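A quick write-up on the structure given underneath.
There are 2 protein chains.
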Amino acid sequence: MSEKRIIRIGLLGFGVVGQGVWKNIERNRSALEYRLGAQLKIEHIVVRDQSKVRGVAVGDIVYSEDPACVVDNPDIDIVCELMGGTGKALELTRRALEQGKIVVTANKALICEHGEELFATARRTGAHYFYEASVAGGIPIIKTIREALVANRFKLIFGILNGTSNYILTRMEREGLSFAETLVDARKLGYVEADEALDLDGIDAAHKAVILAYLAHGKWVRLQDIICEGIRDITGEDIEIAGQLGFKMKLLAVIARDFEANKLSVRLHPALISKKEVIAGVDEVYNGVSVTGDVVGTTILIGRGAGQDATSSSVISDIADAVFMLQGAPNPVISEEDEAVYKELADGLELAHKEMLRGRYYLRIHVKDQQGVLARISDIMSKEHISFATVNQKELEDGTAKLMVTTHESDEASIERAKAVLLLEDSVIGAPVSFRIFDPAKA
Amino acid sequence: MSEKRIIRIGLLGFGVVGQGVWKNIERNRSALEYRLGAQLKIEHIVVRDQSKVRGVAVGDIVYSEDPACVVDNPDIDIVCELMGGTGKALELTRRALEQGKIVVTANKALICEHGEELFATARRTGAHYFYEASVAGGIPIIKTIREALVANRFKLIFGILNGTSNYILTRMEREGLSFAETLVDARKLGYVEADEALDLDGIDAAHKAVILAYLAHGKWVRLQDIICEGIRDITGEDIEIAGQLGFKMKLLAVIARDFEANKLSVRLHPALISKKEVIAGVDEVYNGVSVTGDVVGTTILIGRGAGQDATSSSVISDIADAVFMLQGAPNPVISEEDEAVYKELADGLELAHKEMLRGRYYLRIHVKDQQGVLARISDIMSKEHISFATVNQKELEDGTAKLMVTTHESDEASIERAKAVLLLEDSVIGAPVSFRIFDPAKA
Chain A
1 MSEKRIIRIG LLGFGVVGQG VWKNIERNRS ALEYRLGAQL KIEHIVVRDQ SKVRGVAVGD
61 IVYSEDPACV VDNPDIDIVC ELMGGTGKAL ELTRRALEQG KIVVTANKAL ICEHGEELFA
121 TARRTGAHYF YEASVAGGIP IIKTIREALV ANRFKLIFGI LNGTSNYILT RMEREGLSFA
181 ETLVDARKLG YVEADEALDL DGIDAAHKAV ILAYLAHGKW VRLQDIICEG IRDITGEDIE
241 IAGQLGFKMK LLAVIARDFE ANKLSVRLHP ALISKKEVIA GVDEVYNGVS VTGDVVGTTI
301 LIGRGAGQDA TSSSVISDIA DAVFMLQGAP NPVISEEDEA VYKELADGLE LAHKEMLRGR
361 YYLRIHVKDQ QGVLARISDI MSKEHISFAT VNQKELEDGT AKLMVTTHES DEASIERAKA
421 VLLLEDSVIG APVSFRIFDP AKA
Chain B
1001 MSEKRIIRIG LLGFGVVGQG VWKNIERNRS ALEYRLGAQL KIEHIVVRDQ SKVRGVAVGD
1061 IVYSEDPACV VDNPDIDIVC ELMGGTGKAL ELTRRALEQG KIVVTANKAL ICEHGEELFA
1121 TARRTGAHYF YEASVAGGIP IIKTIREALV ANRFKLIFGI LNGTSNYILT RMEREGLSFA
1181 ETLVDARKLG YVEADEALDL DGIDAAHKAV ILAYLAHGKW VRLQDIICEG IRDITGEDIE
1241 IAGQLGFKMK LLAVIARDFE ANKLSVRLHP ALISKKEVIA GVDEVYNGVS VTGDVVGTTI
1301 LIGRGAGQDA TSSSVISDIA DAVFMLQGAP NPVISEEDEA VYKELADGLE LAHKEMLRGR
1361 YYLRIHVKDQ QGVLARISDI MSKEHISFAT VNQKELEDGT AKLMVTTHES DEASIERAKA
1421 VLLLEDSVIG APVSFRIFDP AKA
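These protein sequence lines map, in sequence, to chains A and B.
Counting from 1, one number per residue, gives the positions in the first sequence under my numbering.
Counting from 1001, one number per residue, gives the positions in the second sequence under my numbering.
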């Protein structure tokens, strides 16, 4: 066999994912190098603090604290940005792409916030920016949408994109625990990110939804323009009542395109979803994405959404594509024509107004247990043309009651108005809480 | 924008899938050509009978009955073999590959039976043979195993690979119908292949299992060397009892590798699988595949396994990869080094003996309703070290009874010996029927 080309890789960051990439390249090195027809060499690792002891012994790889050793090093073929964050990571990614380098990343926040600039830089300089690991960990959702389903236009993409919140919801459901109790456990297990808002307020999953929206529709959506609601308001009784009605409570990302009106809805929020849907059965730390294309129909992918090994599997898949590219393959992500593709894909496409969202809703209203309360509330709702599909009343020990209702089809604006009126109502205690009921057939 | 290269495609066969490819290229032509950076032209269609009226109006495409117009035509860049069968299709595929052409196929029977020769030919001549559409229709299982999960070795791949049998089992379960009744409906809907053994005796799914075994492990397995059992023996009461015990009855393909012993088990048979498994929830005509890699963990893909649109989505995905290749990409399927890869992957790998299969079993035994029958049967089983986990007895109107039992862990050889002894037993009517209970955690 002829001598294989050596592909030199530099890692920026050597935390959980970086160490996973190193470990798993070593683990299956010979099969991997055979398949790629090239040798892989991790040439340099840049860390914040060189003195910190690492979890793996990496042999003769050179460490340093100077990112220039990777980013500006002409010997490095592939830069893996695995440091996270949007500060230093932005500066270094930009610098690598400016020099026409291939960058592989798992950094969803960076792409979500600066993807438009970074992909434009890559196009301009002929660099390449790979990001399979940024969405849904080990699930090959980027490759599937980009390559496998190339024949399709995507009416609906939805799913579970954050493992931590899914773990919390699963335990709340199975063990009847409260959100607070489960959160304590999730923290102990190291499942919750240092910045807890990323997991609990839906921001992490929203980052991923923004990336998928761009990939499928060529449009960059800003986080502040979309519905992004986390799981903090969900109680055990919401999950229980949902279960009795045949639903699971899940934190869902939804990317729905109406091709006729040329509107795109991107959103991230908890939702009740029928137990009959496969995505409803995706529990624990697993992620799941349902993709409906106009040709293929619905395809669903389920797998580990996070963790060292799953994420590094996707990073290595991107490294493999990069190796093929270094051996002469055209870039499947950003071709010369790509800007035009995306312009055409997104031509005239507008973000749908949140208020236009239609569907059924679940509401939890805490009320004084007075005569005529239900009639009064029903009256308020009906003024907004909202009618109840199911009503569930639970007496509390303090003489108050909780009303859990589901509605027939309504819309976002009506529900918000009704909630505002209810808030002012004397018999209502605190703010009513509402969750959407998600029906893929009507999304 | 510069003039794009025209990629000329020839179709062999213009039945359901061929017409789907034509229709769906037309449907999303502009987005597709943008993404590929090339123009797609279906240059020639070879049919068996030119006079036959076609379901689609294909404009100025040239029809003929002479395959040479595609296979031996130097202007044709990509040959799509969508005629099926293993006769003429073999001859034409071989001829195209001999000339170094790119061939895209949906023909699982051909690959299963002649893949070893055809891939060898492709390697020798520098041709390329793409086959995403041959396994699980619109599900990108080939690309996922080959590219997305390139970092992995595959301990277990299992799933539902035949939509027709899954449709029949789903209806039997939901409506309590018999196999015969459901089959009548499936035939009416056109779901059953002309050669019914393909769907009902598991041969179609076994073809696909053989292809996945090669892809994941580099070893060609012969159909006659593996367990291949269809769904004809399944009764409504088997499904009912399975359901009561928390299982679904599914026709499963299993490709399990024991890396330590270097043994490969490839099999296709009905099995009881826990309702908690995602694959158990894959119903109707859907297919689902669960892939466990040593790095990524378990990833599950679900989608339409057959039908014009789903299958043509995969054919078009292969055409897209072929277009990239024609523009200079190295072949991700068969590189120069590929033979070595597969030699290494399969190095010393042996097919596991069927008799070595271990697991739990379900048995249905028709008995005369005499005193002591259960004790007698229990005795026969215990001589083979088989013990019962559950026993269910159902009295029939004619005074006989059916015993439905599940066993604790046993093995194939013991179960077969016990069945042989039971068959000779005076109190047993007809042949006992057994189904395996599949537990992915122990596969």
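Beta carbons: idealized from backbone N, C-alpha and C, even for Gly.
This one's a predicted model, so the numbers in the text were calculated from it and none came from an experiment.
Just to check my reading of the structure: residue i and residue j have Cβ atoms closer than 8 angstroms, yes? What is that Cβ distance to the nearest angstrom?
i                 : j                 : result
Ala1109 (chain B) : His1207 (chain B) : 5 angstroms
Ile211 (chain A)  : Cys80 (chain A)   : Contact flag wrong, Cβ pair sits at about 18 angstroms.
Leu1012 (chain B) : Pro1067 (chain B) : 6 angstroms
Val367 (chain A)  : Thr400 (chain A)  : 7 angstroms
Val1046 (chain B) : Glu1026 (chain B) : That belief does not hold up - the Cβ atoms of Val1046 (chain B) and Glu1026 (chain B) are roughly 19 angstroms apart, past 8 angstroms.
Asp77 (chain A)   : Arg8 (chain A)    : 5 angstroms
Thr298 (chain A)  : Gly1303 (chain B) : 7 angstroms
Tyr214 (chain A)  : Gly115 (chain A)  : 6 angstroms
Tell me which residue opens and which closes the beta strand (DSSP E) that residue i is part of.
i                 : result
Val46 (chain A)   : Ala38 to Val46
Val1391 (chain B) : Phe1388 to Glu1395
Lys208 (chain A)  : It is not in any beta strand (DSSP E) - Lys208 (chain A) instead sits in the alpha helix (DSSP H) that spans Ile203 to His217.
Leu1301 (chain B) : Gly1297 to Arg1304
Tyr1167 (chain B) : Looking at the DSSP string, Tyr1167 (chain B) is not in any beta strand (DSSP E); the run it does join, the alpha helix (DSSP H), is Gly1163 to Glu1175.
Ser265 (chain A)  : Lys263 to Ser274
Leu374 (chain A)  : It is not in any beta strand (DSSP E) - Leu374 (chain A) instead sits in the alpha helix (DSSP H) that spans Val373 to Lys383.
Asn445 (chain A)  : Here chain A covers residues 1 to 443 and nothing more, so residue 445 (chain A) does not appear.
Asp258 (chain A)  : Phe247 to Asp258
Phe14 (chain A)   : That residue, Phe14 (chain A), is in no beta strand (DSSP E); it is neither H nor E in DSSP.
Ile102 (chain A)  : Ile102 to Thr105
Ala401 (chain A)  : Thr400 to Thr407
What first and last residue would you give for the alpha helix (DSSP H) that runs through residue i?
i                 : result
Val1121 (chain B) : Residue identity differs from the one stated: residue 1121 (chain B) is Thr in this sequence, not Val. Counting along the chain, the alpha helix (DSSP H) containing Thr1121 (chain B) begins and ends at Lys1108 to Thr1125.
Ser1427 (chain B) : Per DSSP, Ser1427 (chain B) belongs to no alpha helix (DSSP H) and is neither H nor E.
Leu90 (chain A)   : Lys88 to Glu98
Gly1159 (chain B) : Counting along the chain, Gly1159 (chain B) falls outside any alpha helix (DSSP H), though it belongs to the beta strand (DSSP E) covering Phe1154 to Ile1160.
Leu198 (chain A)  : Ala197 to Leu200
Glu1240 (chain B) : Gly1236 to Gln1244
Verify whether the separation of the beta carbon atoms of residue i and residue j is less than 9 angstroms.
i                 : j                 : result
Phe438 (chain A)  : Phe259 (chain A)  : no
Leu1200 (chain B) : Arg1222 (chain B) : no
Ala1209 (chain B) : Ala1280 (chain B) : no
Leu396 (chain A)  : Arg364 (chain A)  : no
Leu268 (chain A)  : Ala256 (chain A)  : no
Lys101 (chain A)  : Ile160 (chain A)  : no
Glu33 (chain A)   : Lys4 (chain A)    : yes
Tyr1361 (chain B) : Ala1242 (chain B) : no
Gly293 (chain A)  : Arg153 (chain A)  : yes
Leu1151 (chain B) : Ser313 (chain A)  : The question names Leu, but residue 1151 (chain B) is Ala in the sequence shown. A contact, by the Cβ cut-off of 9 angstroms.
Gly1218 (chain B) : Ala1089 (chain B) : no
Val1070 (chain B) : Gly1010 (chain B) : yes
Gly1359 (chain B) : Lys1442 (chain B) : yes
Ser1427 (chain B) : Ile1386 (chain B) : no
Ile1006 (chain B) : Ala1038 (chain B) : yes
Thr1407 (chain B) : Val1291 (chain B) : no
### Query
Does the region 1283-1290 of chain B touch the region 1166-1182 of chain B, meaning 3 or more C-beta pairs lie closer than 8 angstroms?
Contact holds between the region 1166-1182 of chain B and the region 1283-1290 of chain B, because three or more Cβ pairs, one in each stretch, are under 8 angstroms apart.
### Query
Residues in the region 1232-1261 of chain B with C-beta within 7 angstroms of chain A's C-beta atoms, listed in sequence order?
So the list is empty, because no residue satisfies the distance condition.
### Task
Could you tell me whether the region 1412-1428 of chain B touches the region 1275-1285 of chain B, where touching means 3 or more Cβ pairs closer than 8 angstroms?
They do not touch, by the three-pair rule.
### Contact residues within the region 132-149 of chain A, judged by C-beta distance below 8 angstroms to chain B
Within the region 132-149 of chain A, the residues whose Cβ lies closer than 8 angstroms to some Cβ of chain B are Glu132, Gly138, Ile139, Pro140, Lys143, Thr144, Glu147, Ala148 and Leu149, listed in chain order.
### Message
Within 8 angstroms, do at least three Cβ pairs link the region 1128-1145 of chain B to the region 1312-1327 of chain B?
### Response
Counting Cβ pairs under 8 angstroms, three or more are found: they touch.
### Message
With a threshold of 8 angstroms, are at least 3 pairs of Cβ atoms found where one atom belongs to the region 171-189 of chain A and the other to the region 1181-1194 of chain B?
### Response
Flag = no, the region 171-189 of chain A and the region 1181-1194 of chain B do not touch.
#### Entry: the region 186-204 of chain A contacting the region 233-246 of chain A, beta-carbon criterion three pairs below 8 angstroms
Pairwise C-beta distances place the region 186-204 of chain A out of contact with the region 233-246 of chain A, as fewer than three of them are shorter than 8 angstroms.
### Residues of the region 1089-1112 of chain B with Cβ closer than 7 angstroms to any Cβ of chain A, in chain order
In summary, no residue of the region 1089-1112 of chain B has a CB separated from any CB of chain A by less than 7 angstroms.
### Query
Between the region 296-309 of chain A and chain B, which residues of the former have a C-beta closer than 9 angstroms to a C-beta of the latter?
Those residues of the region 296-309 of chain A that come within reach of chain B (Cβ to Cβ, closer than 9 angstroms) are Val296, Gly297, Thr298, Thr299, Ile300, Leu301, Ile302, Gly303, Arg304, Gly307 and Asp309.
#### Entry: chain A contacts from the region 1148-1164 of chain B (Cβ-Cβ distance under 8 angstroms)
Answer in chain order: Ala1148, Leu1149, Val1150, Ala1151, Asn1152 and Arg1153.
### Task
Check each residue of the region 1023-1042 of chain B: if its Cβ is closer than 8 angstroms to any Cβ of chain A, include it; give the result in chain order.
Residues Asn1024, Ile1025, Arg1027, Asn1028, Ser1030, Ala1031, Leu1032, Tyr1034, Arg1035, Leu1036 and Gly1037.
### Message
What are the residues in the region 1309-1323 of chain B lying within 8 angstroms of chain A by C-beta distance?
### Response
Using a CB distance below 8 angstroms, the part of the region 1309-1323 of chain B facing chain A consists of Asp1309, Ala1310, Ser1312, Ser1313, Ser1314, Ile1316, Ser1317, Ala1320 and Asp1321, ordered along the chain.
### Query
Looking at chain B, which residues of the region 269-281 of chain A have a Cβ within less than 8 angstroms of any of its Cβ atoms?
Contact residues of the region 269-281 of chain A toward chain B are Val278 and Gly281 (C-beta to C-beta distance below 8 angstroms).
#### Entry: Against chain A: residues of the region 1346-1376 of chain B by CB proximity under 9 angstroms
Here the close residues number zero.
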